[in-house]
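Inspection log for the structure reproduced underneath, given as structure tokens.
There are 2 protein chains.
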Amino acid sequence: MGVRAFGNRTPSFLPHRSHGVGGWQKCYYAKGMRFLDACLRKKVDTTPVWFMRQAGRYMAEYRKLRAKHTILQLCDTPEAAAEVTLQPIRAFGMDAAILFADILLIVRPMGLKLKFVAGEGPVISPPLRTARDVARLRRFHPEEGMGAVLGAIRLIRKELDGKTPLIGFAGAPFTVASYMIEGGPSKDYRNTKAMMHGAPKLWKKLMTVLSDNTADYLKAQVDAGAQAIQLFDSWVGALSQTDFEKYVKPYSAKIIKAVQRKGVPVIHFGTGTTPFLKSFADTGGDVVGVDWRPPLDVARKIIPAKQAIQGNLDPVHLLLPRPTLKPLVRDVIRRAEGKRGHIFNLGHGIIKETDPETVRAVVDWVHDWTS
Amino acid sequence: MGVRAFGNRTPSFLPHRSHGVGGWQKCYYAKGMRFLDACLRKKVDTTPVWFMRQAGRYMAEYRKLRAKHTILQLCDTPEAAAEVTLQPIRAFGMDAAILFADILLIVRPMGLKLKFVAGEGPVISPPLRTARDVARLRRFHPEEGMGAVLGAIRLIRKELDGKTPLIGFAGAPFTVASYMIEGGPSKDYRNTKAMMHGAPKLWKKLMTVLSDNTADYLKAQVDAGAQAIQLFDSWVGALSQTDFEKYVKPYSAKIIKAVQRKGVPVIHFGTGTTPFLKSFADTGGDVVGVDWRPPLDVARKIIPAKQAIQGNLDPVHLLLPRPTLKPLVRDVIRRAEGKRGHIFNLGHGIIKETDPETVRAVVDWVHDWTS
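Sequence lines, in order, name chains W and V.
The working numbering applies: residue 3 is where the first sequence begins, and numbers increase by one.
The working numbering applies: residue 3 is where the second sequence begins, and numbers increase by one.
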């Protein structure tokens, strides 16, 4: 993997790459350094920690904003998205900020409608079923199609002022395609699997246009200032290993490679990936995000040594009383076998009923126990 | 594992165990023999095939009955349950019949209320949350608490007349406990995991009373005539490997052993078990049922040689046009690496939109390709 420059716009708090690894000083171990170094499996002072969905409904500050705006309004207003992104950083001091956005925003500039229905989740219309539906999908220019998100990234970077690095993200093409085809969340992905197996050329066409758009969008995120990228393949665990390898892996691999060429680390995350974890890791990425199912020491043996690991506390465990939670957090740290190449996170997003004080406690425990 | 007698009531079509393995003749290869022999990894003429939820809504005959009766009415009326059990056998000639019942029936004689709400699934009340809730749970005598199911088994055996063997079943204690604690289906099993970790003694008490009742119930099923037993741990894949091993495995193991002592083969099935498949297999059972995620040849390397494998076509694939489906079925057969110790099945239950003619086609393909 080796050292790479951090994008075209070297973040102000990072030493210029010509300093070399050896020249990086202890004093550079600002929180930002810690996270980005861990992505590249470099030595860090303390295990970095952030949480998927760390900006969200468990925070009173977020709920206050959401009472006045829809999710899409927050995503479409750079100032609001920036504010939400920063809320958990200000409150709990995670080692990385993650852009507030939604993996499905990308379907809009491709020509589909997106709304969020309370209690139901996202609804995409019309759902893609035929060759004509897929042929209509548009390639788009990120600054035109996703301008608000890119604007938010620029604002967030300014606000963070080099103190905490910013993770950009997109949905992986399988997960986004599944929403496009099913028209919303699905229990069994029947239409998605029907296209995959029943119309493999159509599937290829859909995955290609989706991957190309996603790669462009992520590269634009890096240009706007994202210092790392996470590719979310949240529902890929519905697939068999053979389906993953044949119908998904090549497309995700291409996106990951395109983003890495921009010089930022890429985290490849999915839930339910343990059945094909080696293959999932081989898809690429500097960091493999694992859910709560495999013990980290077991996952570490499967994931190639050159890749870092992110995870993997069960998000449900954050609902436990803190004395009960404590040994479970400690177990994750213990199984990570040292702080090189481990980024502490959950196995999936924070649940909205989580007590913010528990989030604070976990950040502090991880920092305390690993420094 | 070795040969065991088939229950106290040796089915009429089976040779008495004293005939020994060598004495069993080719002419015994009635469909029943085929399935039961495959459970014990003995040589068979053709790979046996049956489907989880083979008696159900995809069949017009079933829908006709359901239009007049609730699920619970069907379960509570031995004649109706027997009729539903036999419908797919008459129509498609699977190699085993599986009792029509529900894994949650057991909560009623334990003192809880059960109903099925259209669109929502099962609702159990009151949900178990406190020590008092658990203390109230009753041990029950199967003939009193589950008399209708046992009556159905006796009727079915009479109707099948030794031509097709009958599989009895129960829910594994984790899956049933999760319904009892959550009060119905759950996305993240938050209350179940909270009890597991936050009140481990209470969890132990619940799992103990549930396992004891389940073992008694299954032994009574064997006494009534069930010739094999499947233990369904449908939702165990929500757990991490460590949680499975600590909080679930010992209880399921105890049930499996108790049933095996009755002399019938036990199939241990779960979905999402690939992350801890070795551990799941080591829980016991003559047959390990796997979902569609692991290729069967990969699963075969993980599951100890003494155990047979059941699976593992993706149920969603049955919705495909038959020419598209055919190579997918062939792939399962190919990866099963020969017909010894493989029982063809789906990775989970038949989806209600499945075309009955597709079910017929798969039964025929499996029989044709392996004989």
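Note that the Cβ used here is the ideal one computed from N, Cα and C, for glycine as well.
Residue i versus residue j - alpha carbon distance
i, j, result
"phenylalanine 53 of chain W", "aspartate 163 of chain W", "21 Å"
"proline 277 of chain W", "leucine 74 of chain V", "36 Å"
"glycine 113 of chain V", "leucine 139 of chain V", "6 Å"
"leucine 42 of chain W", "valine 119 of chain V", "51 Å"
"histidine 18 of chain V", "lysine 259 of chain V", "Per-residue confidence for histidine 18 of chain V stands at a pLDDT of 33, beneath the threshold of 50, marking its modelled position as unreliable; the derived number appears in the next sentence. C-alpha separation (whole angstroms): 22 Å."
"aspartate 370 of chain V", "lysine 354 of chain W", "53 Å"
"alanine 103 of chain V", "aspartate 293 of chain V", "21 Å"
"aspartate 47 of chain W", "leucine 327 of chain W", "24 Å"
"alanine 338 of chain W", "aspartate 284 of chain W", "20 Å"
"alanine 179 of chain V", "leucine 320 of chain W", "21 Å"
"glycine 24 of chain V", "leucine 212 of chain V", "Interpretation of glycine 24 of chain V is limited by its pLDDT of 32, a score under 50 that renders its predicted location unreliable; the figure taken from the coordinates is listed afterwards. Roughly 40 Å between the two C-alpha positions."
"leucine 38 of chain W", "methionine 96 of chain W", "13 Å"
"aspartate 366 of chain V", "valine 51 of chain V", "9 Å"
"asparagine 10 of chain V", "glutamate 122 of chain W", "Confidence is the limiting factor: at asparagine 10 of chain V the pLDDT is only 37, short of 50, which leaves the residue's position unreliable and the question unanswerable from this model."
"lysine 28 of chain W", "lysine 45 of chain W", "Note that lysine 28 of chain W scores 37 on pLDDT, short of 50, meaning its location in the model is unreliable; the coordinates nonetheless yield the value given after this. Their Cα atoms are separated by approximately 10 Å."
"arginine 324 of chain V", "valine 86 of chain V", "26 Å"
"isoleucine 305 of chain V", "glycine 153 of chain W", "52 Å"
"isoleucine 335 of chain W", "aspartate 245 of chain V", "17 Å"
"proline 111 of chain V", "methionine 148 of chain V", "7 Å"
"serine 254 of chain V", "histidine 344 of chain W", "34 Å"
"glutamine 89 of chain V", "aspartate 357 of chain V", "15 Å"
"tyrosine 30 of chain V", "lysine 165 of chain V", "Low confidence applies here, because tyrosine 30 of chain V scores a pLDDT of 43, under 50, leaving its location unreliable and the question unanswered by this model."
"alanine 363 of chain V", "alanine 172 of chain V", "29 Å"
"isoleucine 91 of chain V", "glutamate 247 of chain V", "37 Å"
"arginine 59 of chain W", "histidine 71 of chain W", "13 Å"
"leucine 348 of chain W", "proline 296 of chain W", "12 Å"
"alanine 150 of chain W", "leucine 67 of chain W", "18 Å"
"glutamine 232 of chain V", "valine 268 of chain V", "6 Å"
Anticipated Cβ contact below 8 Å, residue i with residue j, distance rounded
i, j, result
"lysine 256 of chain V", "alanine 217 of chain V", "7 Å"
"alanine 230 of chain V", "valine 266 of chain V", "5 Å"
"glycine 313 of chain V", "threonine 273 of chain V", "Not quite, the Cβ-Cβ distance comes to about 10 Å (not below 8 Å), so this is no contact."
"lysine 251 of chain W", "aspartate 316 of chain V", "Going by Cβ atoms, the distance from lysine 251 of chain W to aspartate 316 of chain V rounds to 18 Å, so no, they are not a contact pair."
"isoleucine 100 of chain V", "tyrosine 219 of chain V", "That belief does not hold up - the Cβ atoms of isoleucine 100 of chain V and tyrosine 219 of chain V are roughly 16 Å apart, past 8 Å."
"asparagine 215 of chain V", "arginine 131 of chain V", "Contact doesn't hold; Cβ gap of about 20 Å is too wide."
"proline 124 of chain W", "isoleucine 183 of chain W", "With a Cβ gap of about 13 Å, proline 124 of chain W and isoleucine 183 of chain W do not count as contacting."
"isoleucine 169 of chain V", "alanine 98 of chain V", "5 Å"
"leucine 322 of chain V", "histidine 199 of chain W", "6 Å"
"alanine 310 of chain V", "alanine 40 of chain V", "6 Å"
"threonine 177 of chain V", "serine 236 of chain V", "5 Å"
"glutamate 146 of chain V", "alanine 84 of chain V", "At roughly 20 Å, the Cβ-Cβ gap does not stay under 8 Å, so glutamate 146 of chain V and alanine 84 of chain V are not in contact."
"valine 318 of chain V", "tyrosine 191 of chain W", "7 Å"
"alanine 226 of chain V", "isoleucine 126 of chain V", "Contact doesn't hold; Cβ gap of about 25 Å is too wide."
"proline 175 of chain V", "methionine 209 of chain V", "5 Å"
"valine 289 of chain V", "lysine 264 of chain V", "Not confirmed; about 16 Å, so no contact."
Alpha helix (DSSP H) segment containing residue i, residue limits
i, result
"arginine 180 of chain W", "Just to set this straight, residue 180 of chain W is serine in the shown sequence, not arginine. First-last of the alpha helix (DSSP H) with serine 180 of chain W: 175-184."
"lysine 66 of chain W", "62-70"
"glycine 102 of chain V", "Per the sequence shown, residue 102 of chain V should be read as phenylalanine rather than glycine. Taken as a continuous stretch (DSSP letters only), phenylalanine 102 of chain V belongs to no alpha helix (DSSP H), as it is neither H nor E."
"glycine 149 of chain W", "149-162"
"valine 361 of chain W", "358-372"
"valine 374 of chain V", "Here chain V covers residues 3 to 373 and nothing more, so residue 374 of chain V does not appear."
"glutamine 312 of chain V", "Run containing glutamine 312 of chain V: none in the alpha helix (DSSP H); it sits in the beta strand (DSSP E), 310-315."
"phenylalanine 94 of chain W", "80-94"
"isoleucine 345 of chain W", "It is not in any alpha helix (DSSP H) - isoleucine 345 of chain W instead sits in the beta strand (DSSP E) that spans 344-348."
"valine 334 of chain V", "324-337"
"methionine 198 of chain W", "192-200"
"aspartate 135 of chain W", "133-137"
Residue closest to residue i, alpha-carbon to alpha-carbon, out of the options
i, options, result
"glycine 291 of chain W", "W/Gln89, W/His319, W/Gly351 and W/Pro144", "W/Gly351"
"glutamate 359 of chain V", "V/Met61, V/Pro50, V/Lys45 and V/Ala57", "V/Met61"
"phenylalanine 234 of chain V", "V/His71, V/Leu204 and V/Thr275", "V/Thr275"
"lysine 203 of chain V", "V/Ala133, V/Pro144 and V/Lys160", "V/Ala133"
"alanine 222 of chain W", "W/Pro144, W/Pro297, W/Thr79 and W/Pro329", "W/Pro144"
"valine 136 of chain V", "V/Lys207, V/Arg159 and V/Gln262", "V/Lys207"
"glycine 185 of chain V", "V/Leu116, V/Gly286, V/Leu157 and V/Gly287", "V/Leu116"
Closer than 7 Å: residue i CB and nearest the ligand GTP heavy atom
i, result
"valine 268 of chain W", "The ligand GTP is not part of the structure shown, which contains no ligands of any sort."
First through last residue of the beta strand (DSSP E) which encompasses residue i
i, result
"phenylalanine 118 of chain W", "115-119"
"valine 125 of chain V", "123-127"
"alanine 301 of chain W", "Alanine 301 of chain W -> not in any beta strand (DSSP E); alpha helix (DSSP H) instead, spanning 298-304."
* Whole alpha helix (DSSP H) elements within the region 203-280 of chain W, 4-residue minimum -> 251-262
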